[in-house]
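Adding 11 to a residue's 1-based position in the sequence shown gives its number in the working numbering.
Below is one structure, written out as structure tokens, with a few remarks after it.
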Amino acid sequence: MQRIVLFPLFGLLIWFPALPAAPATTAPRPKVVLSRVFSSSKIESEWFTQSFLKVVPPARLFAVRKGLEATLGAFRKVRGSANPYTLIFTRGTARANIALDIHGRIRGLRVFQIAPTASSLTDIIHRVRRLAGTSSLLVLENGRSLVAYHADTPLAVGSASKLAVLAALQEQIKQGRHHWAEIVHLKRRWKALPSGILQNWPDGSALTLHTLATLMISISDNTAATALIRILGRRAVEAEAPAQDRPFLTPLEAFKLKLPDNKPLLIRYLAAAGKARRDLLEAVDALPRPTLGKMQQAFDQGPLALRVEWFFNVHQLCNLMRKVQHLPLMSVNPGGGLADPAAWKRIAFKGGSEPGVLNLTTWLVAKTGNRYCVSLTVNRSHHTVDDTRIELLYSSLLNQLAIRTETRH
Numbered sequence: 012m013q014r015i016v017l018f019p020l021f022g023l024l025i026w027f028p029a030l031p032a033a034p035a036t037t038a039p040r041p042k043v044v045l046s047r048v049f050s051s052s053k054i055e056s057e058w059f060t061q062s063f064l065k066v067v068p069p070a071r072l073f074a075v076r077k078g079l080e081a082t083l084g085a086f087r088k089v090r091g092s093a094n095p096y097t098l099i100f101t102r103g104t105a106r107a108n109i110a111l112d113i114h115g116r117i118r119g120l121r122v123f124q125i126a127p128t129a130s131s132l133t134d135i136i137h138r139v140r141r142l143a144g145t146s147s148l149l150v151l152e153n154g155r156s157l158v159a160y161h162a163d164t165p166l167a168v169g170s171a172s173k174l175a176v177l178a179a180l181q182e183q184i185k186q187g188r189h190h191w192a193e194i195v196h197l198k199r200r201w202k203a204l205p206s207g208i209l210q211n212w213p214d215g216s217a218l219t220l221h222t223l224a225t226l227m228i229s230i231s232d233n234t235a236a237t238a239l240i241r242i243l244g245r246r247a248v249e250a251e252a253p254a255q256d257r258p259f260l261t262p263l264e265a266f267k268l269k270l271p272d273n274k275p276l277l278i279r280y281l282a283a284a285g286k287a288r289r290d291l292l293e294a295v296d297a298l299p300r301p302t303l304g305k306m307q308q309a310f311d312q313g314p315l316a317l318r319v320e321w322f323f324n325v326h327q328l329c330n331l332m333r334k335v336q337h338l339p340l341m342s343v344n345p346g347g348g349l350a351d352p353a354a355w356k357r358i359a360f361k362g363g364s365e366p367g368v369l370n371l372t373t374w375l376v377a378k379t380g381n382r383y384c385v386s387l388t389v390n391r392s393h394h395t396v397d398d399t400r401i402e403l404l405y406s407s408l409l410n411q412l413a414i415r416t417e418t419r420h
């Protein structure tokens, strides 16, 4: 499942609202402001508009900056005279878009196209090996393994498991049991917690299966996933998932089991196996839906009941991605800037995270026709995952593949 946060920083999109350009004033130039943000020892709240600070506090932006420095080295200067600017570091570059208000305060900022200058696939593998916790990585080039590190190790992958739900839906559509334009009506018992928006929609709202699938993949809508699992049938989804994910939980069931208030049932569930565990889901379903506040408070404490998860190895995730990557809905969210859209003919993406869990899985089609699948999973049992550092590392890997395919063309 996705982490429950007010604004998930997924990829390197920090905050860049669609706003009109600010009128010319004597306020500091964008280039000067960018340099200050990336060179000062402290990031001050006074540099930003209140709307920006509500989404990204200075501490979060400072963490993003530290992640950039961990990958690219020390900041040196800003190059350019208009968006996008180029941030120059000792070991690479990044691109940045910035928007200021009439007083020169930052109202929008986006960092993307992370490009280490002295990196290589070998170097990136070494960095993955050094990540805290347990990690696995697979890079496929035209179906052939280019990089494999613990690629057969099942790890918790959060919402990346929704690829199995999509694969099951696609299979039933092929069989003629459902069709993309089929309309269903939103049921109260499907409503989960964020990420997503459908939990706030009126009961009975008319939705097509295509809409449910698109929301499930593009914004990791947990209500959409719960609805599709109920519509398709749990066993149909289990046919696309590893044996250890039986029963295949809906996001709502996972939330209920993770909530500390329900610990007695969690203990019984984890002690059970096979049919006994499946039978306990009736008791889980009978529990009231957790409130967002309680669930947020629980997740704020760190990793929570990670045995209640969805476990896939990266080979299995790439196999699922191969099955569904051609669907247009897979490119609605191409990964929040992890891959440079200008470098690829097509990008399909699904990730997943919660405290202690992060997965990033991308299908890439190069302009040369080469096809890549890149899946990286990191788990930590007792600590949160350094999302910023890992996403920067992953973005660097995708950049190296772009360079590789351009060089060979």
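All C-beta atoms in this analysis are idealised placements derived from N, C-alpha and C, irrespective of residue type, glycine included.
Remember, it's a predicted structure, so these values are computed and weren't measured experimentally.
Look at Ser406 here: in three-state DSSP terms it is helix. Ranked by Cα distance from Ser206, the first of His221, Glu193, Lys173 is Lys173. If you ignore the 5 residues before and after Ala217, its C-beta comes within less than 7 Å of the C-beta of Ile194, His196, all in its own chain and listed in chain order. In the DSSP assignment, Leu387 is bridged to Leu148, Leu371. With 16 or more other CB atoms across the displayed protein chains lying within 10 angstroms of its CB, Thr395 is buried.
Between Leu226 and Leu209, the C-beta spacing is below 8 Å. For Asn108, the enclosing beta strand (DSSP E) covers residues 103–111. For His221, the enclosing alpha helix (DSSP H) begins and ends at 220–229. Note: Ala126 is bridge-paired with Thr104 in the DSSP secondary-structure output. The bridge partners DSSP lists for Val195 are Leu218. Judged by DSSP secondary structure, Phe360 falls outside any alpha helix (DSSP H) and instead within the beta strand (DSSP E) spanning 357–365. For Lys378, no beta strand (DSSP E) run applies, since DSSP gives it neither H nor E. Here Val43 is exposed. Its C-beta has fewer than 16 other C-beta atoms within 10 Å.
Of the residues assessed, Gln308 falls on the exposed side of the cut-off, its CB having fewer than 16 other CB atoms within 10 angstroms. Under a 10 Å Cβ-count criterion, Ser56 is classified as exposed, with fewer than 16 other Cβ atoms of the shown protein chains found around its own Cβ.
The DSSP assignment places 233–243, 245–249, 262–269 as complete runs of the alpha helix (DSSP H) inside the segment 225–275, in order along the chain (cut-off: 4 residues). Under the three-state reduction of DSSP output, Ala203 falls in the coil class, being neither helix nor strand. Secondary structure note for Arg76: its alpha helix (DSSP H) is the uninterrupted segment 69–83. For the pair Arg106 and Ser62, the CB atoms are not nearer than the 8 Å cut-off.
By the C-beta criterion, the segment 380–392 is judged to be in contact with the segment 328–337, since at least 3 inter-stretch pairs fall below 8 Å. Ser156 has Leu151 as its beta-bridge partners, per DSSP. Between the segment 312–326 and the segment 386–400 there are three or more C-beta pairs closer than 8 Å, enough to call the two in contact.
The C-beta distance from Thr101 to Gly84 rounds to 3 Å, short enough to meet the 8 Å contact threshold.
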